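Enquirer: What the sequence shown shows, in our numbering, is residues 2 to 311, in sequence order. Positions of the beta carbon are idealized from the N, C-alpha and C atoms, including for glycine. The structure displayed is predicted, hence computed values, not measured ones.
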Amino acid sequence: MKGIILAGGSGSRLSPSTDSISKHLLAVYDKPMIYYPLSVLMLGGITDIMIITTPEDKPRFKDLLGDGSSLGINLNYLEQSDPNGIPEAFILAEDFIGKDDVTLILGDNIFYGQGFTTLFRKALENHRNATIFGYRVKDAHRFGVAEFDHNQKVISLEEKPEQPKSDFAVTGLYIYDYRAVQIAKQLPYSARGELEITDLNKEYLKGSQLDVQLLGRGFAWMDAGTHESLFEASEFVKITQQRQGFKIACLEEIAYYMGYMSQKALKEKGRAMEKTDYGKYLLEIADRKHTEQYWESIDRNPMLGLVENE
Numbered sequence: 002m003k004g005i006i007l008a009g010g011s012g013s014r015l016s017p018s019t020d021s022i023s024k025h026l027l028a029v030y031d032k033p034m035i036y037y038p039l040s041v042l043m044l045g046g047i048t049d050i051m052i053i054t055t056p057e058d059k060p061r062f063k064d065l066l067g068d069g070s071s072l073g074i075n076l077n078y079l080e081q082s083d084p085n086g087i088p089e090a091f092i093l094a095e096d097f098i099g100k101d102d103v104t105l106i107l108g109d110n111i112f113y114g115q116g117f118t119t120l121f122r123k124a125l126e127n128h129r130n131a132t133i134f135g136y137r138v139k140d141a142h143r144f145g146v147a148e149f150d151h152n153q154k155v156i157s158l159e160e161k162p163e164q165p166k167s168d169f170a171v172t173g174l175y176i177y178d179y180r181a182v183q184i185a186k187q188l189p190y191s192a193r194g195e196l197e198i199t200d201l202n203k204e205y206l207k208g209s210q211l212d213v214q215l216l217g218r219g220f221a222w223m224d225a226g227t228h229e230s231l232f233e234a235s236e237f238v239k240i241t242q243q244r245q246g247f248k249i250a251c252l253e254e255i256a257y258y259m260g261y262m263s264q265k266a267l268k269e270k271g272r273a274m275e276k277t278d279y280g281k282y283l284l285e286i287a288d289r290k291h292t293e294q295y296w297e298s299i300d301r302n303p304m305l306g307l308v309e310n311e
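The structure is reproduced here in structure tokens:
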């Protein structure tokens, strides 16, 4: 399974904050936005990842994340000169995808909830052709909407419908087989001049090859693409971390407990940032002596989620 993070676009909805930097490098409370989608892929066990961004921002992402080796993963970078729609990511990454399945996540999407990692991993294991994730919203007309039957089988998809047939929006997390590349190449451009992800999903739906995983009321899904939603996401992360004592989307923590990063490397990273809460947190993890106690406490950490109660 390959992974793609789509982190391109101009971020015009966040102007002037994004006039000189990618929105995906803006802070969501105490860490860059890109950490959140990257953590989702890492928690799913996906280690071969492509970040697609603008030519101007590509060097900045490389400065931040490098080649991923310090986290035990492999990061590649591709340029998207113009934002021509989500499906273009598959066309650009054709050589990277090859004959593998691929998971794509939008760079401004944040997922959180007890059991999310388990649900995501099961979706990856059971994946056949295409899988989308649905989330209940009160303003479904603003999103792509999935209608499904009592067996949770998708029966229709609509992009920003005036009268939605359900209140489940399609989130920015998708799993496809390698055929997504060729399907994307055949898609027509929409009225707004882009390739639409809903049209790609409809092609799988025509063959009854589209599955949906529903995220229930215990989950949070946020699109941090506006000033208001970015502020709300930061507040959510701040409050949750302060109440629980865990950090959401801490890449080094994930890498360490998945065996990708050594204790020595974790300590070195923590010391380099020891004047910050983030650095102190890394040192705390590295110095933790009671491993059993940690694994018990990790049951209550829904974002790290390496061990979760049913």
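Output needed for F144: all residues of its chain with C-beta closer than 7 angstroms, excluding positions within five of it in sequence on either side, in chain order.
Expert: Same-chain partners within the cutoff: V138, K161, A170, V171.
Enquirer: With a floor of 4 residues, list each alpha helix (DSSP H) that falls wholly inside the stretch 180-268, ordered by position along the chain.
Expert: Whole alpha helix (DSSP H) segments, 4+ residues: 181-187, 198-207, 228-245, 252-258.
Enquirer: On the premise that Q243 lies in contact with I249, defined as a C-beta separation below 8 angstroms, what is that separation, rounded to the nearest angstrom?
Expert: Actually they do not touch by this definition, with Cβ atoms about 11 angstroms apart.
Enquirer: Per DSSP, M51 forms a beta bridge with which residues?
Expert: In the DSSP output, where bridge partners are listed per residue, M51 has I5, N77.
Enquirer: Among the candidates K265, S40, T55, whose CA atom is the shortest distance from the CA of N110?
Expert: Measuring from the Cα of N110, the nearest candidate turns out to be S40.
Enquirer: Just the Cα atoms here: how many angstroms apart are A181 and F91?
Expert: Each residue's Cα considered, the two are about 7 angstroms apart.
Enquirer: Using 8 angstroms for Cβ pairs, my map puts S13 next to D58. What's the rounded Cβ distance?
Expert: So it is not a contact: roughly 14 angstroms between Cβ atoms.
Enquirer: Please go through the same chain and pick out, in chain order, the residues whose beta-carbon is closer than 7 angstroms to the beta-carbon of L201, but skip the five residues on each side of it.
Expert: Only P88, A181, I184, A185, L188 meet the Cβ criterion.
Enquirer: My understanding is that M43 touches I255, with C-beta atoms under 8 angstroms, so please give their C-beta distance in whole angstroms.
Expert: Sure, about 5 angstroms apart at Cβ, within 8 angstroms.
Enquirer: Report the rounded CA-to-CA distance for Y257 versus L284, giving the unit in angstroms.
Expert: Roughly 12 angstroms between the two C-alpha positions.
Enquirer: With 16 as the cutoff for other CB atoms within 10 Å, does P56 come out buried or exposed?
Expert: Its Cβ having fewer than 16 others within 10 Å, P56 is exposed.
Enquirer: Give me the Cα-Cα distance between S191 and T54, rounded to the nearest whole angstrom.
Expert: Approximately 22 angstroms between the Cα atoms of the pair.
Enquirer: Where does Y136 sit, in a helix, a strand or coil, going by DSSP?
Expert: Correct three-state label for Y136: strand.
Enquirer: For K32, does the three-state DSSP call read helix, strand or coil?
Expert: Strand.
Enquirer: Please report the Cβ distance between F220 and F117, rounded to the nearest whole angstrom; I am assuming they are in contact, meaning their Cβ atoms lie under 8 angstroms.
Expert: F220 to F117, Cβ: 6 angstroms. Contact.
Enquirer: Can you confirm whether the stretch 67-85 touches the stretch 201-219 when touching is taken to mean that 3 or more C-beta pairs between the two stretches lie within less than 8 angstroms?
Expert: Verdict: no, contact absent.
Enquirer: Express the C-alpha separation of T48 and N75 in angstroms, rounding to a whole number.
Expert: So the two alpha carbons sit approximately 6 angstroms from each other.
Enquirer: Using C-beta distances below 7 angstroms, list every residue in its chain close to Q153, excluding the 5 sequence neighbours before and after it, in chain order.
Expert: The answer, listed in chain order, is V213, L215.
Enquirer: Would a C-beta distance cut-off of 8 angstroms place I50 and I98 closer than the cut-off?
Expert: No; because the gap between Cβ atoms is not below 8 angstroms, this pair is not in contact.
Enquirer: Pull up the CB-CB distance for A131 and S167, whole angstroms please, since I reckon it's below 8 angstroms.
Expert: Not a contact, Cβ separation roughly 18 angstroms.
Enquirer: Tell me, to the nearest whole angstrom, how far the beta carbon of P61 is from that of L26; I am working on the premise that it is less than 8 angstroms.
Expert: Pro is not the amino acid found at residue 61; the sequence shown has Arg there. That belief holds up - the Cβ atoms of R61 and L26 are roughly 6 angstroms apart, short of 8 angstroms.
Enquirer: Do P38 and G114 come within 8 angstroms of each other at the CB atom, strictly closer than that value?
Expert: Result no, Cβ atoms of G114 and P38 do not sit closer than 8 angstroms.
Enquirer: Less than 8 angstroms between the C-beta atoms of L174 and Y36, yes or no?
Expert: It is not a contact, given that the beta carbons lie outside the stated cut-off.
Enquirer: Spatial neighbours of H128 within its chain, please: CB distance less than 7 angstroms, with the 5 preceding and 5 following residues excluded, ordered by chain position.
Expert: Counting only Cβ-Cβ distances below 7 angstroms, and skipping sequence neighbours, we find D102, I176.
Enquirer: What's the C-alpha gap between V29 and D20?
Expert: V29 and D20: Cα-Cα distance of roughly 18 angstroms.
Enquirer: Can you tell me the Cβ-Cβ gap for G86 and L196, rounded? I've got them flagged as a contact below 8 angstroms.
Expert: The pair is a contact, with the Cβ atoms about 3 angstroms apart (cut-off 8 angstroms).
Enquirer: Answer yes or no: do E236 and M223 have a C-beta to C-beta separation smaller than 8 angstroms?
Expert: No, these two residues do not count as a Cβ contact at 8 angstroms.
Enquirer: Assuming L312 and M2 are in contact, meaning their beta carbons sit under 8 angstroms apart, how far apart are those beta carbons, in whole angstroms?
Expert: Limits of the chain in this structure are 2 at one end and 311 at the other, which puts residue 312 out of reach.
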